[in-house]
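Please read the structure below before turning to the comments.
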Amino acid sequence: MKIYNTLTRKKEEFVPIEPGVVKMYVCGPTVYNYIHVGNARPFVVFDTLKRYFQYKGMEVKYVQNFTDIDDKLITQSIEEGVTVKEIAEKYIDEYMTDAKGLNIDEASIIHPKATETMDEIIGFIKDLEDAGYAYAVNGNVYFEVSKVRNYGKLGRKNIEDLVSGARILVNDEKKNPLDFTLWKVKKPGEPAWVSPWGEGRPGWHIECSAMIRSLLGETIDIHAGGSDLEFPHHENEIAQSESLTGKPFANYWMHNAMINTDGIKMSKSKKNFFTVRTVAEEFDLEIVRFFLLSSHYRSPINYSRKIVEQSKAALDRLYKSKYQMQHLMGLELPETDDLAAQVKAEASQFVSRFVDAMEDDMNTADAISVMFEAVKYANTHLSETSSKESVQALYDALMEMGGVLGILYREKENLGLDIQALIDERQAARKNRDFARADEIRDQLKAEGIILEDTPQGVKWRREE
RNA sequence: GGCGCCAUGGCCAAGUGGUAAGGCAGAGGACUGCAAAUCCUUUACCCCCAGUUCGAAUCUGGGUGGCGCCUCCA
């Protein structure tokens with residue numbers, strides 16, 4: 291598989307450290323509020339990557355942290371009038387609800403929390419201090435950027451440019467304006483942990499380095515996150531970890547592009563965000579997942595209601611074909627026929643092309659287009675005269691592809707027996723040209739929110755929206 | 001100002017040297033007691049100007065426009 295590595299700005303063949311095992315880390319949410327669609331993108335995108343690795347038979351050790359101590363949590367706790375811990379617990383729960391709706395496979399994700407990794411974080415800072423990369427001033431500990439060669443290698447920055455940018459906050463304690471905080475001294479009323487430098491809490495960047503070291507080791511295969519984290523967050527993680535171990539921190543860096551609202555990056559601070567929760571009030575979150583995967587993860591996408599509606603219509607097309615094939619499988623079909631061999635060959639071609647797309651830096655947009663081609667083929671070639679073998683082959687292919695992307699998992703609900711009886715009665719009435727009775731039944735069901743459609747493939751029903 | 005990325009039909013979006021995938025919307029057709037839906041078919045010379053090449057959306061240079069980061073939004 292080819293993966294675009296931000297470190298080298300090239301697509302590279304992915305070779306895991308240990309054959310058959312992928313160790314990956316994704317920067318998770320700061321749990322001080324609901325996540326928005328922009329936050330959700332990396333979670334969905336890299337969940338899909340994980341699914342694909344698993345599909346290929348690889349074992350994936352996948353870590354995604356919760357930042358549960360931070361200025362924003364403190365601010366939010368004051369606003370809501372509860373403790374920081376309660377804020378964290380609340381929004382972790384809310385994250386889990388959204389993740390479930392987005393069909394993120396939480397069962398195979400390890401979620402460390404900063405507050406539960408405190409020993410490792412403090413140990414990491416201590417190690418940096420002992421190794422001469424960190425210095426303490428008045429209970430604060432800073433990382434000394436000038437001690438690191440190649441600082442800026444990920445973000446393609448050089449120190450002179452950054453300093454001359456002069457937009458960095460002046461801080462008298464720092465030896466160099468670029469030095470960043472590893473440990474913050476406690477302020478009155480704030481949660482704090484005991485450390486060699488006094489009571490305080492960890493800085494912004496150290497938790498990821500510490501979690502990775504303790505859960506995945508010194509070198510991991512893939513480190514992923516939003517492209518906005520490239521600098522300084524990921525740069526600083528590299529500085530922290532590589533200065534300590536002298537080894538590569540992550541072999542592949544993957545960054546998803548941003549989600550925009552009217553062309554501007556969706557973010558809490560710009561107040562142009564849509565929370566996943568808000569969107570869920572109107573749309574099934576599977577649509578959002580589909581939307582997020584329908585363009586390449588490294589392309590910026592614009593979020594709008596119109597686009598979500600387009601995604602809904604597109605996803606519906608896939609579902610209709612799925613349901614139609616299920617309908618056919620429920621019929622008395624011959625086991626096989628002359629066409630079966632060809633249909634099976636086509637089905638495996640679709641899967642093969644789907645895999646090719648995924649192999650190419652996870653091109654989910656292209657992969658989805660293969661699903662639509664498979665659907666068109668099924669719609670065109672399958673009917674009530676097809677064989678079980680043919681229908682099953684295309685159905686399996688479609689579901690296999692959908693499974694990798696984490697979509698197309700819903701099942702059509704069963705109608706109650708009494709309703710099915712009404713539909714049957716209406717069919718009988720239509721056959722006898724008793725259209726008055728037929729329309730009466732149709733109106734009756736419509737009043738119950740069930741819409742009947744007489745199609746060439748038989749009577750179909752759907753829930754009114 | 002510095003660094004990086006991007007620009008494909010009404011909307012969305014693949015495609016990195018050989019004469020433009022796919023979806024939505026639109027149009028036409030099929031089907032149909034009606035209604036609705038469904039199914040099929042169908043619509044582009046790829047921001048502009050030079051250049052390289054037998055040949056470029058795809059490579060190079062310039063221009064225009066947009067975005068991200070350099071500001072603890074993560």
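In the working numbering, the protein residues as written are 291 to 755.
All C-beta atoms in this analysis are idealised placements derived from N, C-alpha and C, irrespective of residue type, glycine included.
As the crow flies, the alpha-carbon of residue 537 is around 15 Å from that of residue 414. Residue environment for residue 394: buried (at least 16 other C-beta atoms within 10 angstroms of its C-beta).
The residue among 597, 728 and 544 with its C-alpha nearest the C-alpha of residue 333 is 544. With at least 16 other beta carbons inside 10 angstroms of its own, residue 411 counts as buried.
Sorting 359, 685 and 575 by C-alpha distance to the C-alpha of residue 641 places 685 at the top.
Collapsing the DSSP output to three states places residue 482 in coil.
Ranked by how close their Cα comes to the Cα of residue 358, the residues 546, 497, 473 and 626 have 497 in first place. Here residue 381 is buried. Its C-beta has 16 or more other C-beta atoms within 10 Å. When the beta-carbon positions are compared, residue 611 and residue 665 come within less than 7 Å of each other. Short of 7 Å from the beta carbon of residue 329, and not among the five residues preceding or following it, lie these beta carbons of its own chain, in chain order: 319. Cβ-Cβ distances below 8 Å link residue 465 to 425, 432, 434 and 436 in the same chain, with the five nearest sequence neighbours on each side left out; the list follows chain order.
By the C-beta criterion, the segment 614-625 is judged to be in contact with the segment 672-683, since at least 3 inter-stretch pairs fall below 8 Å.
In the three-state reduction of the DSSP assignment, residue 617 falls in the helix class, which pools H, G and I. Straight through space, the alpha carbons of residue 731 and residue 714 are spaced by roughly 10 Å. Scanning its chain for C-beta atoms nearer than 6 Å, with the 5 sequence neighbours on each side dropped, one finds around residue 540 the residues 510 and 513, in chain order. According to DSSP, residue pairing for residue 751 in a beta bridge involves 742. The three-state secondary structure of residue 298, taken from DSSP, is coil.
Under the three-state reduction of DSSP output, residue 573 falls in the coil class, being neither helix nor strand. When beta bridges are read from the DSSP output, residue 326 appears opposite 565. DSSP places residue 427 within a strand segment (E or B) once states are collapsed to three.
For residue 644, no beta strand (DSSP E) run applies; the uninterrupted alpha helix (DSSP H) run containing it begins and ends at 630-649, by DSSP. Here residue 700 carries a coil assignment [DSSP, helix/strand/coil]. Under the DSSP assignment, residue 712 falls in the alpha helix (DSSP H) whose first and last residues are 707-721.
Fully contained in the segment 368-396 are the following alpha helix (DSSP H) runs of length 4 or more, in chain order: 374-391. Between residue 563 and residue 326 the beta-carbon gap is near 4 Å, inside 8 Å, which marks them as a contact.
Annotation for residue 350: the continuous beta strand (DSSP E) segment containing it runs 349-354.
At least 7 Å separates the beta-carbon of residue 423 from that of residue 499. 7 Å or more divides the Cβ of residue 587 from the Cβ of residue 350. With respect to the 7 Å criterion, residue 341 and residue 694 are classified as neighbours on the basis of their beta carbons. Close CB contacts of residue 366 within its chain, under the 6 Å cut and outside five residues either way in sequence, are with 322 and 377 (chain order). Under the DSSP assignment, residue 512 falls in the beta strand (DSSP E) whose first and last residues are 510-516.
Here the segment 734-744 lies against the segment 700-713, with 3 or more beta-carbon pairs under 8 Å apart. It is roughly 52 Å from the alpha-carbon of residue 723 to the alpha-carbon of residue 592. As a beta-bridge residue in DSSP terms, residue 544 pairs with 514. Between the C-alpha atoms of residue 598 and residue 353 there is a straight-line separation of about 29 Å.
The beta carbon of residue 654 sits closer than 6 Å to those of 583, all from its chain and outside the five residues before and after it, given in chain order.
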